[in-house]
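Protein chains in written order, with the UniProt record's numbering: chain A, 1 to 249; chain B, 1 to 249. Every residue, glycine too, gets a C-beta built ideally from N, C-alpha and C. Structure, as C-alpha cells:
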C-alpha cells in the first residue's frame with residue numbers, strides 16, 4: 001500500500017502519515033498483532049504482515065485441544081469429527097495466523113490443499129499471507145479444464161488413489177506451502193508433494209491442523225502440526241503437536 | 001465485544017472509550033467500511049457489522065466481469081474456468097462483503113454451500129457475518145459421521161444426483177443462507193433448499209457469484225447474483241447480475 005494512498009484519503013502530508021504509521025507499528029508489535037513494514041523509495045509504502053505471539057498461539061491450541069478431546073467426536077474406524085471446528089470463521093482465522101507466522105519471512109507464492117476439508121485452512125492461511133490458494137481434487141471436474149493427475153498410495157489403507165490439479169493453477173517455479181486438516185499415514189500429503197514436483201514448483205513446507213498418533217511408517221518427514229490426536233476404542237485424546245519447536249524456536 | 005474489554009486493554013474509563021467509539025462509528029459509516037453498533041445495558045458493548053457501499057460494490061463487480069470476460073476461460077460444454085478467481089483471498093473478501101451487506105439486518109445462523117468451489121465463498125461470507133458455515137458434499141465421507149442424504153435432479157443434465165450433509169452440522173430451526181459459485185439450471189441450489197427443509201431449518205436467501213444465461217426453466221426463483229455469464233461457441237461474455245436491485249434497492 002503506497003503512502004500516497006493514505007495521504008490522499010486522509011488529506012494529509014506524507015510525513016504526518018509516516019509518523020502515524022510509526023505509532024501503529026509500535027502498537028502492533030507490542031500487542032503481537034503483526035508487523036508493519038515500511039518499504040522505502042518512490043515505489044515504497046507499507047505492508048502489514050500479521051503474526052501471532054507464542055503465548056497467544058498456545059492459548060489457541062489449548063482451546064482447540066479442549067474442543068477436540070471429546071468422545072462424542074469419535075467415528076467408526078478411528079476417525080474424528082471436526083467439521084464444526086473447520087466451519088468456524090474465528091477458529092480458522094486463528095489457525096491461519098499461526099501458520100502464516102511460520103512463513104512470515106519466506107517467499108510463499110501459493111498455498112496448496114486437497115478438497116474438501118483442507119480448503120478452509122488453505123483459504124485462511126492464504127488470506128493472512130496474501131497469496132492465492134489452489135485446490136487439488138480427488139475427482140476430475142469439468143470446470144477445472146485440463147488437469148495434471150498424480151497417483152499415490154494412501155498410507156492408511158495402502159490403496160492406490162488419484163488426485164488432480166488444474167494445469168493453469170500453478171506457475172512453474174512457484175514456492176508452494178501445503179496445508180491440510182488431518183494427517184494419518186501421510187499418503188495424501190505425499191501425493192501433493194509429487195504434485196508440486198509435477199508442476200516444477202518448490203515445496204516450502206507442510207502444515208496440518210491435526211496429526212494422528214496411529215502407528216505406521218509415515219511418508220512425510222518434515223511438517224508442522226498443531227495437535228496430535230489419538231482416536232481409539234471410542235475415545236479421543238488430543239495433545240499439542242510439534243508447532244512450538246517448528247514455529248517459535 | 002463488551003466495553004470493559006477495551007477499558008481494561010487501554011487502561012481508560014468506559015466513558016472515554018465510548019467517545020472514541022462514536023468517532024470510529026462516524027468514520028466507518030462515512031467510508032462505507034461498516035456499521036459499529038452499540039448495544040446498551042450491563043451486558044452491552046459493541047458489534048462491528050461490515051458492509052459495502054453501492055459504488056464500491058459496482059467497482060468490485062466490474063473488476064470481476066473484466067476478469068471473467070476472457071475467451072481463454074471457455075471450457076468444453078459451455079463451462080467457464082474461474083478457479084483462479086475463487087482462489088484469490090482479496091477477491092473472496094470483496095465477494096463476502098457484498099453478500100454480508102445484503103443480510104446485515106437479518107438473523108443468519110449458518111451459511112450453507114456445496115463442495116468444492118462453493119467453500120471459499122461460504123467461508124468469506126460467514127467470516128463477515130461471523131457465523132459458522134456448513135459444507136454439503138456429493139460423496140459421503142467417513143469423517144462426516146451420520147449424514148442426511150437428499151436426491152435432486154441436476155437441472156442442466158436431468159440426471160438424478162445425491163448430496164449429503166453431516167447430521168450434527170445444523171440445529172433445527174436455524175436460519176440458513178445458501179451460497180455457491182455458479183448456478184446453471186439451479187438443480188444443485190434446489191437440492192440444498194431440500195436439505196434445509198430436511199433439517200427443519202429456515203431458508204433466508206440464496207446468493208451466487210455467477211449465473212449462467214443458458215436457457216431452460218430454472219428451479220430457483222429468488223436469488224442474488226453478482227454476474228450473468230454467457231458461455232457459448234468458445235466465447236465468454238459476462239454482465240452484471242441482479243445484485244443492484246436485490247441488495248442496493
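What does DSSP give as the partner residues of residue 162 (chain B) in its beta bridges? B:151
Under 8 Å, with one C-beta from each stretch per pair, do the region 117-133 of chain A and the region 173-185 of chain A reach the 3-pair mark? Short answer: they touch.
In three-state terms, what does DSSP make of residue 210 (chain B)? strand
Would you tell me roughly how many angstroms separate the C-alpha atoms of residue 244 (chain B) and residue 200 (chain A), rounded to the nearest one? 44 Å
Return helix, strand or coil for residue 52 (chain A), following the three-state DSSP convention. coil
On a Cα-Cα basis, can you pick out the residue from B:159, B:144, B:186 that is closest to residue 166 (chain B)? B:144
Give, in chain order, every residue of the region 61-92 of chain B whose Cβ lies closer than 8 Å to some Cβ of chain A. 75, 76, 77, 79, 80, 81, 82, 83, 84, 87, 88, 89, 90, 92
Out of A:151, A:22, A:63, A:110, which one is the CA nearest neighbour of residue 129 (chain A)? A:110
Neighbour list for residue 115 (chain B) in chain A, Cβ cutoff strictly below 7 Å: 115, 116
Residue closest to residue 161 (chain B), alpha-carbon to alpha-carbon, out of B:187, B:141, B:173, B:168: B:187
Is there at least one Cβ from chain A nearer than 8 Å to residue 137 (chain B)'s Cβ? yes
Residue 175 (chain A) versus residue 148 (chain A): straight-line alpha-carbon distance, rounded: 18 Å
Strictly by DSSP, which residues pair up with residue 179 (chain A)? Note: residue 179 (chain A) sits in a beta bridge opposite A:207.
If you measure beta-carbon to beta-carbon, which residues of the region 141-165 of chain A are closer than 7 Å to chain B? 142, 143, 144, 145
Interface partners of residue 100 (chain B) on chain A, CB under 9 Å: The premise fails here: residue 100 (chain B) is roughly 11 Å from chain A at the closest Cβ pair, so nothing lies under 9 Å.
Paired residues, beta bridge with residue 231 (chain A) - DSSP: BP columns for residue 231 (chain A) point to A:236.
Cβ-Cβ separation, residue 87 (chain A) to residue 125 (chain A) (assumed contact under 8 Å), whole Å: With a beta-carbon spacing of about 16 Å, residue 125 (chain A) and residue 87 (chain A) fall beyond the 8 Å limit used to define contacts.
Please check the pair residue 73 (chain A) and residue 236 (chain A), which I expect to be a contact at CB under 8 Å, by giving their CB distance rounded to whole angstroms. 5 Å
Residue 134 (chain B) and residue 169 (chain B): beta carbons closer than 8 Å? Taking the C-beta atoms as reference points, residue 169 (chain B) is found nearer than 8 Å to residue 134 (chain B).
Nearest-angstrom Cα separation, counted from residue 116 (chain B) out to residue 65 (chain B): 22 Å
So that I know if they touch, is there some Cβ in chain A lying closer than 8 Å to that of residue 289 (chain B)? With chain B running from 1 to 249 in the structure shown, residue 289 (chain B) is simply not present.
Spatial distance of residue 225 (chain B) from residue 78 (chain B) (CA atoms): 19 Å
Just to confirm the assignment, what range does the beta strand (DSSP E) spanning residue 110 (chain B) have? Segment 110-114, the beta strand (DSSP E) holding residue 110 (chain B).
On the three-state DSSP scale, how would you describe residue 24 (chain B)? helix
Among residues of its own chain, excluding the 5 on either side of residue 92 (chain A), which ones have a beta-carbon nearer than 8 Å to its beta-carbon? 86, 120, 121, 123, 124
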